[in-house]
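Heads up, the thing below is written out as structure tokens.
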Amino acid sequence: MLEPLRQGLPPLDPAAVSDAASCSLPARYEAVGDARRFTRRTLDQWELGDHFDDICLVVSELVTNALRHAMPAHGGHGGHSGEHNPPVRLHLMRWTERLVCAVRDPSQDSPVARDSDDFSAESGRGLFLVDSFSDSWGWHPMAGTLGGKVVWALFRLQPHPGPAAASTE
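Right under this line is the structure:
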């Protein structure tokens, strides 16, 4: 079991965020594709499409883990939930030089990183991939009346060179 981990997570002050977008995802595995499409559209709008591959892989793993491990029985196989309390929610938040992908789910259970030497295994490597492709990641329980937890991954963004730094050929 992993202890709640917040170090490396930027402050969640809405005034400090450059851009933010979120979407509710149904409790079905098809929602992973919805999350990828949402991520593609959002990154393209933010002109961060060149970061799509790594971010999309991490989003896919976080959403898959939420559906597989954090939903009540049968939740990941077509379960239905009310509009007011979506089972899984994807948040993308962008600061000037960093982006955070956060997935909220209804479970209080901490993420569990599996020890596996079998890198050809079909499953069990999700958090290993999140750790490998993001700059940092962690999780924390939700506060107040919102139950569940948030699992997040941080990506450092390289600042775009200004017009003076662009080469002319």
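Numbering (the numbering used here), first residue to last: 1025 to 1193.
Think of the CB as a built atom: it goes at the ideal place given N, C-alpha and C, for glycine as much as any other residue.
Closest residue to residue i among the options (Cα-Cα distance)
i	options	result
Arg-1180	Trp-1070, Thr-1120, Val-1136	Thr-1120
Ser-1160	Asp-1078, Leu-1072, Glu-1071, Ala-1051	Asp-1078
Gly-1162	Leu-1091, Lys-1173, Thr-1088	Lys-1173
Arg-1064	Pro-1111, Pro-1135, Val-1175, Ser-1046	Ser-1046
Asp-1133	Arg-1092, Met-1117, Asp-1155, Phe-1152	Arg-1092
Thr-1066	Pro-1130, Ser-1042, Asn-1089	Ser-1042
Pro-1111	Gly-1168, Ala-1055, His-1164	Ala-1055
Ala-1167	Pro-1130, Leu-1114, Pro-1050	Pro-1130
Leu-1178	Ala-1094, Gly-1057, Leu-1081, Ser-1048	Leu-1081
Phe-1062	Ser-1158, Phe-1076, Ala-1051	Phe-1076
Ala-1051	Leu-1151, Leu-1114, His-1164	Leu-1114
Simplified DSSP assignment, three categories, for residue i
i	result
Pro-1050	coil
Asp-1133	coil
Ala-1094	coil
Ala-1059	helix
Leu-1153	helix
Residues bridged to residue i [DSSP beta-bridge criterion]
i	result
Trp-1161	Ala-1177
Ala-1045	Leu-1116
Exposed unless 16 or more other CB atoms sit within 10 angstroms - verdict on residue i
i	result
Val-1175	buried
Arg-1118	buried
Leu-1170	exposed
Glu-1085	buried
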